[in-house]
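Before any comments, here is the structure.
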Amino acid sequence: MEPSPAKGKPQGRLLVSTTLDAKDELEERLERCVGIVTSMTNGLSEREANDAITAHVCKGPQQHEEVCLGLFSILLTETPQAQRCYRDLTLVNRDGMNVVLMKINQILMEKFLKLQDVCRTQLVWLVRELVKSGVIGADGILMTLMKQIAGGDISSKNLWLAENVLDILLEQKEWVLKSGMLIAMSVYTYLRLMVDHGTPNLLPLRQKEVDFCISLLREKFMECYIIGRDLVRLLQNVARIPEMELLWKDLLHNPQTLSPQFTGVLQLLTSRTSRKFLACRLTPDMETKLLFMTSRVRFGQQKRYQDWFQRQYLSTAESQSLRCDLIRYICGVVHPSNEVLSSDILPRWAIIGWLLTTCTSNVAASNAKLALFYDWLFFSPEKDSIMNIEPAILVMHHSMKPHPAITATLLDFMCRIIPHFFPPLEVQVRQGVCNSLTFIMEKRVLAHLAPLFDNPKLDRELRSMLRERFPEFCSSPSPPTEVKMEESLPLEMENHVLDKEDSCYDATEAAFSDDEEEINNKGEAGKKKEFRFHPIKETYIEEPADISPYVDQLDEPLKEKVTQLQKESDMEVQCEVMQEIVDLILEEDFDSEQMSTLASCLAELFKGHFRGDVLPDEITEESLEESVCKPVCLVFRNLCQMQEDNSSFSMLLDMLAELYQKQPKIGYHLLYYLKASKAAAGKMSLYEAFAQATALGDLHTCLMMDMKACQEDDVRLLCYLTPSIYSEFPDETLRSGELLNMIVAVIDSTQLQELMCHVMMGNLVMFRKDSVLNILIQSLDWETFEQYSTWQLFLAHSIPLETIIPILQHLKYKEHPEALSCLLLQLRREKPMEEMVKMVLSRPCHHEDQFTTSILRHWASKHDDTLGEHIKALLIKNNNLPRKRQSLRSSSSKLAQLTLEQMLEHLDNLRLNLSNTKNNFFTQTPILQALQHVQASCDEAHKMSGALVFRFSDLFALAEEYEDSTKPPKSRRKAPASSPRSRKGAAPPTNNEEESASSSASEEEDSKPKAPKRKRKGSSAVGSDSD
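With the first letter of the sequence shown counted as 1, position 670 gets the number 672 in the numbering used here; the numbers rise by one all the way through.
Below, the structure is given as structure tokens:
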């Protein structure tokens, strides 16, 4: 019963979707609004329709929003009605288009990549109209639209968007000049895009960009000045364009011509670039993926995410220029909290190291290194942040053992950039780099720099240059000083950075030589370093909760209860006090502005509750109830006892959402409570309300993040929650393999067997027909045990094999042995159907790939009649297709391609495999009929006869003695006595006679045709005709 909605999904007019995608909530909402507007205006004249929607708008805010969004949606999907809808929209809206602007912004940030082409065109048209009308807020929408223009991408869609946004800016230049931020953002965007538009066919577009940027820079330079030092970096990249070269020279030598307030390039270089400019050159999707990697992915598990990012955004030659944008974004925008820095989350330096090592262009590599060191050149501790310069030093530090060439090239670049960046400012650049190195040591990002600058792995010339440039950083401190510094590290807030990085560094380098550490007495220092890591963690756990920064901000009754909660150690008393705090929150006069402060206090007080295992060792009703008797669970229990439409319910949800921001583990603890507690029976849907109340605002995202956190903390709990999560949230869990991958990545064989039992008992459904194929295809990139576990779980379900048989088209024998072996074992249990045989025969022929031959042999011995009929049907069907382009366009797989040559090659391999057996598969009437049919048609097509008939002459020889009695006779020749029609009556003698006849016939022909035949086969394999 499921396919019917699946068929309807691709019919959405706003977003591109597949049958595997769940219906988008935004699209559904807009479709409902379209339905409301259409039902009001159907059959009415234009004036009557206007009166109807105006009357509906006047009923209230909800009706106003419905009409505005309905008209907005029609405008996007119905091009002929766009002008009328926009006119109606301007007439009926009562909020200055605020509802529409918010929806446009949401689509641009979340759905732009999925928009249908027509809708994308209409959305740009609408933005142009909003700008023309001077709607307040249109500048923000235009800046968001500019963010969607990807750097390093010269695809037609991206170029179309870049040109159309530029046209809007040029057409409405007077309007643009009224917004200083829009001026700066436009200049920053198009200076960056010019680099990508240097090919001859893109020169007209680049010229428009050059003219636009020069006009704004000359007319409104001080508005552009707010960009900061990265404006110089962008101008430097395009300074060789003739018109830009004139501006560049004025910037360096005649600054007053640009603005009387501008004193020179040094003024600009000492100004730090705001985060908003660095972020504007990444699309929302890129930004989301990078933030996910730097906040949710554990160090050591990043490869699959990096590979995905590489395939999506960094796979083309033009995309090399994007690396600079990514590095500037990571250095200037991604500033993790101390909690993240001291955890095992993927560090920034690791991502930057990956971007540098995968760079394939020398120019792009130089620009990437400049982007990494750019904040070093004029670094000022008073203005700049340690977080901007930290990645560069840590990349060099951590690359010394695994990738010494990376460290060497970065140190060399750091030395050479000082005199060569801008010779008149060499003194200032050197001072900036020295300021950076000094600040790095002050903040203890690295305890000292001598092991890096004077390392034996660096060549002598580079070490000499480093000593010459930075003599003050090349002397090693004595070992006692070093130990003292290391022991003092935990006392400083910033030193979480060092603690974290050193732990990652140790883990990464366990197998490498320790020669470089001999300078610093590695035998002792390394041992101290390893020993130091664990006690720090334990000390951190035992630290008392410190709520002093927050508690004074609370009002008196609440402050008193929170202080009491801090002092109490008895769990029952803590629960009583927590209930009193909940009661205070639910009072009508509670100040909601205190919610965030209260959440900070509770997160600090309950941090011990979120450490260690949540699930009891022995799972019983009593132990489960005891495990949910914690103060934080009081909030969950109160939530379960309330009606969802109650204001108190909303207040508690808000409190949980605030707590979730401070302590992300609260999400999976709520899931555990909803499953384990008797008081929460049947209340799992509360989690959806919680997810929507969080800053994420999306059930799928929230659920995946919480399950990921659970996976990292407690695998037993993950397995315990799995059946409930899959049954309660099927749309979020079954449509993709994200959760499945989290599970199979960490479970062991016992837990796998338990999950399979849950499936077979009906407690757990992890696959459904409409999405299983997509999930199995996703799993092909997973680790070996993860794939085997996935197939085991799939086989525990009762899903017909034909549902997933199209996966064969994606499987390569060297790359996907796990899937092929599981499929092979499953196919041998199945009776062959035509679709299965077609997919098996569609596999490319390769002498090392035995998959097709092995399964055909098995079927030939167990189901020879059925297999013979299917092969006959496929041979005749493919033989009747045009020879030049034989392909099988299967309804189940667009990838399926089956050619006559391919089928004959597989059959010939099967013939050779069966040649020394007593199997009579190739004496069956259907096979002989099909071979004769193919041979006859090849004789008629002279071009093919020289290839196929000659190449597969042994195969066709099997059918030479057979005459098909169903066809009218071509001559008066009498049919042989041993006709295949009597095969059933006297099968063995007939078969034997036919086999001996065909073999003797082939022996007679051996003298001439066989030598070249063998030579041909040999040459296809080894490229030699020595036989």
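Even glycine gets a Cβ: it sits at the ideal position worked out from N, Cα and C.
Owing to the predicted nature of the structure, the values given are computational and were not obtained by experimental measurement.
For residue i and residue j, what's the separation of their Cα atoms in angstroms?
i    : j    : result
I587 : P666 : 21 angstroms
V842 : D377 : 58 angstroms
P808 : V774 : 11 angstroms
M183 : E474 : 43 angstroms
Q937 : E804 : 32 angstroms
E832 : A875 : 19 angstroms
V397 : V129 : 43 angstroms
M707 : L701 : 10 angstroms
L813 : T724 : 29 angstroms
I2   : L253 : Shown here, the chain extends from 3 to 1029; a query on residue 2 therefore has no answer.
Q124 : T81  : 7 angstroms
L16  : L427 : 54 angstroms
A681 : S629 : 13 angstroms
R242 : V212 : 12 angstroms
T703 : D593 : 30 angstroms
D557 : I583 : 12 angstroms
K61  : E112 : 31 angstroms
L460 : P244 : 41 angstroms
H872 : A959 : 21 angstroms
For residue i, which residues from the same chain have a beta carbon less than 6 angstroms from its beta carbon, with the 5 sequence-adjacent residues on both sides left out?
i    : result
L468 : F455
F415 : K371
T20  : none
G14  : E29
A407 : none
K222 : I185
F651 : M644
Let me make sure I understand the geometry here. Which of the options has the alpha-carbon closest to that of residue i?
i     : options                : result
G139  : R737, V178, D169, V951 : V178
M224  : I185, K210, L193, Y192 : I185
T92   : N52, E112, F114, E80   : N52
T43   : G72, L556, N921, V936  : G72
S382  : E48, A821, L641, T440  : T440
L1030 : I216, S368, L204       : Any answer about residue 1030 is impossible in this case: the structure gives the chain only from 3 up to 1029.
R845  : W250, T318, E907, H337 : E907
P202  : I156, K180, L233, E173 : I156
D733  : D141, L249, S625, M768 : M768
P262  : D232, K864, Y227       : Y227
S625  : A605, A659, L604, Y675 : Y675
K572  : P559, A862, E590, P633 : Here residue 572 turns out to be Asp, not Lys, going by the sequence shown. Selected option, being the one with the closest Cα: P633.
D548  : T855, N100, Y728, A605 : A605
Under DSSP, the alpha helix (DSSP H) around residue i begins and ends at which residues?
i     : result
L207  : 205-221
D910  : 902-916
Y88   : 84-94
C60   : Where C60 is concerned, there is no enclosing alpha helix (DSSP H), given that its DSSP letter is neither H nor E.
V299  : Unbroken run through V299: none, as it is neither H nor E.
L168  : 158-173
W356  : 350-359
M1032 : Outside the shown range of the chain, which is 3 to 1029, sits residue 1032, and nothing can be said about it.
E756  : 751-762
D309  : 305-315
D866  : 866-881
Could you tell me which residues DSSP pairs with residue i in its beta bridges?
i    : result
L17  : L117
R469 : The partner list for R469 (beta bridge, DSSP) is empty, contrary to what the question assumes.
R859 : Paired residue(s): none; R859 is not in a bridge.
L347 : For the sequence presented, residue 347 should be read as Ile rather than Leu. Looking at the DSSP assignment, I347 forms a beta bridge with R300.
With a CB to CB cut of under 7 angstroms and the five nearest residues on each side skipped, what residues in its chain are close to residue i?
i    : result
K710 : R298, M744
Q888 : Residue placement at Q888 cannot be trusted, given a pLDDT of 45 that sits under 50; the coordinates are not used to answer.
Q65  : H58, V59
V18  : K116, Q118
L324 : G153, G154, Y315, L316
Y552 : T599, S602, C603
Take residue i and list the residues in its own chain whose beta-carbon comes closer than 8 angstroms to its own, dropping the five residues that flank it on each side.
i    : result
G334 : T275, R277, L280, D377, N390
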